[in-house]
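Peer 1:
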Amino acid sequence: MKVPQTAHKLKKELVDYSLGGETGVPAANILLIGQIGAGKSSFFNSVNSTFRGKIANKARCGSFEHSLTTVYRKYSVKDHNSGQTLKIRLCDTRGLEEDFNIDPQEISHILDGNVPDRYQFNPSAPFTTETFGFIRNPRLGDRIHCVAFVVDGSTIDVIPEKILKQLKAMQSQMNKRNIPQVVYLTKLDKVCPKVEEDAGHIFHSSAVRKAVDKIADIMGLPRGFVLPIKNYESETILDQNIDILILKALKQTADFSDDYIEEQVDKIAAENGHELVLEQRSGRQKSMVALNVPVFVMLHFLEFLCYKHIDTTLSLRALDELQVLVHYDEGHYLGSIFRDISWEILGICQHIRGNRQGALYSFQQSLNVQYPYNRIQAATQRRIQDVQATSYQ
320 MKVPQTAHKL KKELVDYSLG GETGVPAANI LLIGQIGAGK SSFFNSVNST FRGKIANKAR
380 CGSFEHSLTT VYRKYSVKDH NSGQTLKIRL CDTRGLEEDF NIDPQEISHI LDGNVPDRYQ
440 FNPSAPFTTE TFGFIRNPRL GDRIHCVAFV VDGSTIDVIP EKILKQLKAM QSQMNKRNIP
500 QVVYLTKLDK VCPKVEEDAG HIFHSSAVRK AVDKIADIMG LPRGFVLPIK NYESETILDQ
560 NIDILILKAL KQTADFSDDY IEEQVDKIAA ENGHELVLEQ RSGRQKSMVA LNVPVFVMLH
620 FLEFLCYKHI DTTLSLRALD ELQVLVHYDE GHYLGSIFRD ISWEILGICQ HIRGNRQGAL
680 YSFQQSLNVQ YPYNRIQAAT QRRIQDVQAT SYQ
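Quick note: to get this note's numbering, add 319 to the position in the sequence shown (first position is 1).
Structure, rendered in structure tokens:
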């Protein structure tokens with residue numbers, strides 16, 4: 320396949336990439352970790368450039384003594400041609416330094432989805448459960464789904480021991496969670512001069528192959544998990560050979576993320592007892608589904624129903640509390656397996672109150688975040704039809 324066709328095919332695959340509505344996960348979160356100057360933030364800029372169709376520089380990057388990344392960011396990528404936002408987020412954290420150890424617990428919180436987007440890192444006060452903004456009940460969509468270690472291919476032989484220890488400590492945390500890992504091997508134009516002339520030579524360079532083998536051994540990962548790339552650095556226009564390297568790496572990482580998310584959906588379902596409960600009563604009866612409803616949501620729902628004909632003020636107060644809880648909860652009370660049920664209940668209450676717009680919005684939100692084992696999609700769609708067909712007084 321010719322270079323332009325390959326680049327176009329890879330780009331289309333990534334634009335069309337979807338995790339499936341049944342997972343309840345809006346986008347794959349890929350965490351970028353690496354030593355300062357390795358090209359971590361440059362990789363995001365390169366991805367952004369590829370999809371914008373021109374050189375972009377959204378994330379701060381460069382060769383400095385200390386990390387330029389001081390804020391935890393979850394970057395989205397938008398395709399310029401289609402106008403679509405990719406179902407992939409690149410999560411950037413501060414670079415590793417010899418004289419500064421990243422707190423292991425802070426990395427754990429990032430992996431588990433406890434750290435909010437735009438959190439400002441504080442070297443003197445690591446992120447803890449008491450830090451403002453700590454997400455107490457993160458959804459699967461908040462968590463990290465794959466980690467990409469960004470490594471300077473020209474300095475593999477001189478990676479400081481302190482940096483290696485930090486990387487191994489982080490790997491231990493990832494392995495405990497079964498989070499897949501890859502290596503983005505950068506700056507290979509310094510390893511092989513021919514790569515500087517033509518990025519496509521990466522696939523044919525013996526020097527690059529040796530670098531891949533070395534870092535695979537160091538990181539304890541299969542050779543196929545080491546992905547050679549070239550970031551846009553001094554270039555002023557796009558190069559399709561560079562695009563292909565970037566797109567191939569992103570595609571493989573997205574595929575690993577997809578596998579991890581599917582595995583976690585099955586695991587959560589098993590742990591929370593959301594498998595179908597079969598009740599053999601008659602050949603015409605359908606299987607019933609066991610559902611768990613958050614206690615706060617159910618209490619407000621019952622208050623709304625009980626007070627509806629007794630005390631309108633109390634009924635409306637219960638509805639207000641329900642609306643605030645469902646709309647503004649950030650994982651503190653409503654985990655991913657509860658969100659569709661919660662939106663569904665809110666929609667039912669709004670429908671009863673005659674709030675057509677509110678009910679339609681809530682039922683649509685329920686469809687957007689539905690958890691596969693709750694199996695309420697058909698019921699939600701029927702309720703939307705009921706709302707649309709109802710003539711409100």
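Yeah, the Cβ is synthetic: ideal placement off N, Cα and C, and Gly gets one too. Quick caveat: nothing in here was measured; it's all calculated off a predicted structure.
Would the beta-carbon of Leu415 fall within 7 Å of that of Gln485?
Peer 2: Yes. Within cutoff.
Peer 1: Would you mind listing the beta strand (DSSP E) stretches within the segment 612-656 that are 3+ residues and don't spill past its ends, in chain order?
Peer 2: List check, beta strand (DSSP E) in window: nothing returned.
Peer 1: Could you please give the first and the last residue of the uninterrupted beta strand (DSSP E) stretch that includes Ile352?
Peer 2: Element bounds for Ile352: Ala347 to Gly353.
Peer 1: Residues bridged to Leu546 by DSSP?
Peer 2: Leu546 pairs with Tyr503.
Peer 1: Which ranges does the alpha helix (DSSP H) cover as unbroken runs of at least 4 residues, wholly within the segment 432-471, from first to last along the chain?
Peer 2: Runs of the alpha helix (DSSP H) inside the segment 432-471: none found.
Peer 1: What are the boundary residues of the alpha helix (DSSP H) that includes Ser365?
Peer 2: It spans Lys359 to Arg371 - the alpha helix (DSSP H) in which Ser365 sits, taken as one unbroken run.
Peer 1: From the DSSP output, in three-state form, read off Ile421 for me.
Peer 2: Correct three-state label for Ile421: coil.
Peer 1: When you compare only the Cα positions, how much space is there between Asp517 and Cys511?
Peer 2: Distance between the alpha carbons of Asp517 and Cys511: 10 Å.
Peer 1: Given Thr369, which residues of its chain have a CB within under 6 Å of its CB, disregarding the five upstream and five downstream residues?
Peer 2: Closer than 6 Å at the Cβ level, and outside the excluded window around Thr369, lie Asp562 and Ile565.
Peer 1: Taking three-plus beta-carbon pairs below 8 Å as touching, is the segment 581-589 in contact with the segment 529-542?
Peer 2: With a cut-off of 8 Å, the segment 529-542 and the segment 581-589 do not count as touching, because too few Cβ pairs lie within range.
Peer 1: For the pair the segment 430-442 and the segment 327-338, tell me if three or more CB-CB distances fall below 8 Å.
Peer 2: No, because fewer than three Cβ pairs between the segment 430-442 and the segment 327-338 fall closer than 8 Å, the two stretches do not touch.
Peer 1: Which of the three DSSP states, helix, strand or coil, is assigned to Lys509?
Peer 2: Lys509 falls in the coil class under three-state DSSP.
Peer 1: Where do the N-terminal and C-terminal ends of the beta strand (DSSP E) with Val390 fall, by residue?
Peer 2: Note, Val390: beta strand (DSSP E), Val390 to Lys397.
Peer 1: Classify Asn687 as buried or exposed, calling it buried when 16 or more other Cβ atoms lie within 10 Å of its own Cβ.
Peer 2: Exposed: under 16 other Cβ atoms inside 10 Å.
Peer 1: The alpha helix (DSSP H) spanning Ile537 covers which residue range?
Peer 2: Residues Ser525 to Met538.
Peer 1: Spatial neighbours of Phe399 within its chain, please: C-beta separation below 7 Å, excluding the five flanking residues on both sides.
Peer 2: Phe is not the amino acid found at residue 399; the sequence shown has His there. Taken in chain order, the residues that qualify are Phe370, Arg371 and Gly372.
Peer 1: Per DSSP, Arg702 is paired with what?
Peer 2: The partner list for Arg702 (beta bridge, DSSP) is empty, contrary to what the question assumes.
Peer 1: From Pro345 to Lys359, what distance separates their C-alpha atoms?
Peer 2: Taking the straight line joining both Cα atoms gives about 23 Å.
Peer 1: Do the segment 615-626 and the segment 634-642 make contact, defined as three or more Cβ pairs closer than 8 Å?
Peer 2: Yes: at least three Cβ pairs fall under 8 Å.
Peer 1: Taking 7 Å as the threshold (C-beta atoms), are Ala573 and Tyr336 in contact?
Peer 2: Their beta carbons are under 7 Å apart, which means Tyr336 touches Ala573 by this criterion.
Peer 1: So for Lys330, helix, strand or coil by DSSP?
Peer 2: Helix, per DSSP.
Peer 1: Note down the Cα distance separating Gln704 from Phe657, rounded to an integer number of angstroms.
Peer 2: Taking the straight line joining both Cα atoms gives about 23 Å.
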